[in-house]
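S.K.: Questions regarding the structure given below will be posed in turn.
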Amino acid sequence: MMIFLVGVFVGILLMLVPVVLGARRNRISRLHLVESMNAISEGRHDVRMYAYRNRGGQGVIFHAFNHMAEHVEQTFAGLSQERDILRHILQNMTTGVIYLRSDGQVQMVNDAAARLFRRPVEQWQDRDHWTVFRNYNLGAAIDHALLFGTDWAEEHVIREGLTVLIRLVPISSSARTQNRNDHAHDVLMLVTDVSEWRRLEHMRSEFVANVSHELKTPIAAIRGFAETLLDEDEGDTEGTGDAGNPMRRKFLRTIYDESLRMGNLVQDLLELSKLEATDGRVDPVSVDLQTVVDRAFERLRHTASNRGVDFRLASAPRVNVWADPDMLLQVFLNLLSNAIHYSSEGSTVTVSWDVLIDRVKVHVRDNGIGIPKESLGRVFERFYRVHKDRSRASGGTGLGLAIVKHIVAAHGGEVGVDSVEGEGSDFWFTLSRLDTNLAGVSFPLH
Ligand SMILES: Nc1ncnc2c1ncn2[C@@H]1O[C@H](COP(=O)(O)OP(=O)(O)OP(=O)(O)O)[C@@H](O)[C@H]1O
Ligand SMILES: [Mg+2]
């Protein structure tokens, strides 16, 4: 009996051995799987699993795991390669790149930016932008871009000899911002060194100014001599000698006219150089707008009546503007003489102005030949002439409107033109308004 019982017990034990061994193997496999998954999540993507014989479907699970691990490894390798390429590009760019998170702190900065601002990369990371850029305008523009997503670009002199163009590009970050109270934008800041351009521009402008100055005297001499010889011809009523020869007179007239044209060109170039040299600095005072318009009308009345053109001042409230009177007169002279030259006989040139809240918008309108649409954006460029023949005939050089643009910009205003070809043009500019008695005047908000 005893032997029988022992036999049964041993039998049961022998039957349990594979079950126990199987359960143990399963536990080890589960542990192995968990460990491998942890390894992957910790970044060790090269982990793989191998089954010892294919018991209980382990092989299928391990195979699926290995497939996943391989995919993860490849994706990560691809991403980190892309990241390395981008990092190399960023670090070797000459443009400074700074990435500001929506909380206003610096997330990334490249070597070029560190060099331009003379601040080591370590001193940027996670700092508030206003501790890095101690410039009020820039700080305000960054805050504006972070809050409202507004673009901004401006030139800044960082230090002597280093001028940079700073551009702010807002990037919408709402997609990854969970907290609704957060700012909605990250900001990419691009900093380009434009010192060399500015230096070359300065050199060019100095060169032009020097050449124009040198040319002034000989041109005046040529004009003077041509004028004297022409006078002599006119005085020579008997027609003795060379004087009175029609060919000679024609040549002298051409020399005189061309020297006048060159004199005007040199004068305009000097004017432009002067404006550039002062770098937009003017000495504005309170000026009665109508007085300046009257002076301009007076100066050009003779030319206008020769061409059968009438001047008209539209009724507008008297207003004082903040301007340099001589420069403002120059603006009117240039616009009015254009209006005369590019109009036909019998037409009218009208000056008027709209009084806005803080500005005055002045219009010089003509019903002349107008400007084609494609040229509207270019007429304020130097030497740009739409009507080349007409312009040359009037002694034009294409600098008049460039001067107007410079002067108005130096006063903090804007210029523009609306025109329909064949119907006429409306050249306008704005100036700061000074308070005068404007009771009863309503201000259009444009
Ligand atoms: N009122 C206008 N109507 C039509 N075209 C105009 C008018 N004003 C200017 N333009 C066009 O714009 C061009 C540029 O004008 P701008 O005054 O700069 O030069 P310009 O008159 O040719 O020469 P200048 O330097 O002597 O003034 C002109 O050549 C002309 O083609
Ligand atoms: Mg002109």
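Residue numbering for the sequence shown follows full-length UniProt numbering, starting at 1 and increasing by one per position. Beta carbons are placed, not taken as given, at the ideal position from N, Cα and C, and that holds for glycine. A quick note: this is a predicted structure, and the numbers were derived from the prediction, not measured.
How far does the alpha helix (DSSP H) with threonine 131 in it extend, from its first residue to its last?
M.R.: Looking at the DSSP string, the run of the alpha helix (DSSP H) that includes threonine 131 is 129 to 132.
S.K.: Since arginine 433 contacts valine 355 with CB under 8 Å, what's their CB separation in whole angstroms?
M.R.: That belief holds up - the Cβ atoms of arginine 433 and valine 355 are roughly 7 Å apart, short of 8 Å.
S.K.: Do you know offhand how far residue 448's Cα is from alanine 114's?
M.R.: For the chain, the structure presents residues 1 to 446; residue 448 sits outside this window and is missing.
S.K.: Here's a check: name, in chain order, each residue in its chain whose Cβ is nearer than 6 Å to the Cβ of arginine 307, leaving out the five neighbours to either side.
M.R.: Around arginine 307: Ile340.
S.K.: In angstroms with no decimal places, state the Cα-to-Cα distance between phenylalanine 429 and tryptophan 197.
M.R.: So the two alpha carbons sit approximately 28 Å from each other.
S.K.: Considering just the uninterrupted stretch of the alpha helix (DSSP H) at phenylalanine 207, what are its terminal residues?
M.R.: Run containing phenylalanine 207: 195 to 235, per the alpha helix (DSSP H) assignment.
S.K.: Just to confirm, does valine 292 get its C-beta within under 8 Å of one of the non-hydrogen atoms of ligand 1?
M.R.: It does not: the Cβ of valine 292 is nowhere closer than 8 Å to a heavy atom of ligand 1.
S.K.: Is threonine 397 near ligand 1, with its Cβ less than 8 Å from a heavy atom?
M.R.: At least one heavy atom of ligand 1 is nearer than 8 Å to the Cβ of threonine 397, so yes.
S.K.: Can you tell me whether valine 285 is buried or exposed? The criterion is at least 16 other CB atoms within 10 Å of its CB, across all chains shown.
M.R.: Label assigned to valine 285: exposed.
S.K.: Give the single residue among Asp193, Val266 and Phe225 whose Cα lies nearest to the Cα of isoleucine 255.
M.R.: The shortest Cα separation from isoleucine 255 among Asp193, Val266 and Phe225 belongs to Phe225.
S.K.: Would arginine 365 be called buried (16 or more neighbouring beta carbons within 10 Å of its own) or exposed?
M.R.: The residue in question, arginine 365, is buried, as its Cβ has 16 or more Cβ neighbours within 10 Å.
S.K.: From what residue to what residue does the alpha helix (DSSP H) around methionine 49 run?
M.R.: Premise fails: methionine 49 is in no alpha helix (DSSP H) and is neither H nor E.
S.K.: Look at the alpha carbon of arginine 318 and the alpha carbon of aspartate 324, and state the distance between them as a whole number of angstroms.
M.R.: C-alpha separation (whole angstroms): 18 Å.
S.K.: Taking only the alpha-carbon atoms, compute the straight-line gap between leucine 100 and leucine 275 and give it to the nearest angstrom.
M.R.: Approximately 38 Å between the Cα atoms of the pair.
S.K.: What is the residue span of the alpha helix (DSSP H) that glutamine 330 lies within?
M.R.: Taken as a continuous stretch (DSSP letters only), the alpha helix (DSSP H) holding glutamine 330 covers 325 to 341.
S.K.: Taking 8 Å as the threshold, find out whether the stretch 393 to 406 comes into contact with the stretch 372 to 381 through three or more Cβ pairs.
M.R.: In short, these stretches touch, since the Cβ pair count reaches three.
S.K.: Fully enclosed by the stretch 246 to 285, which alpha helix (DSSP H) runs are 4 residues long or longer?
M.R.: Qualifying alpha helix (DSSP H) stretches, in chain order: 246 to 277.
S.K.: When the Cα of threonine 150 is compared with those of Arg167, Asp288, Ala314 and Leu162, which residue comes out closest?
M.R.: Looking at the Cα atoms, Arg167 is the closest of the given residues.
S.K.: Quick one: does the C-beta of histidine 156 sit closer than 8 Å to a heavy atom of ligand 1?
M.R.: No, ligand 1 has no heavy atom inside 8 Å of this Cβ.
S.K.: Once you ignore the five residues that flank glutamate 271 on each side, which residues in its own chain have a CB closer than 6 Å to its CB?
M.R.: Within the same chain, glutamate 271 has close Cβ partners Ile403.
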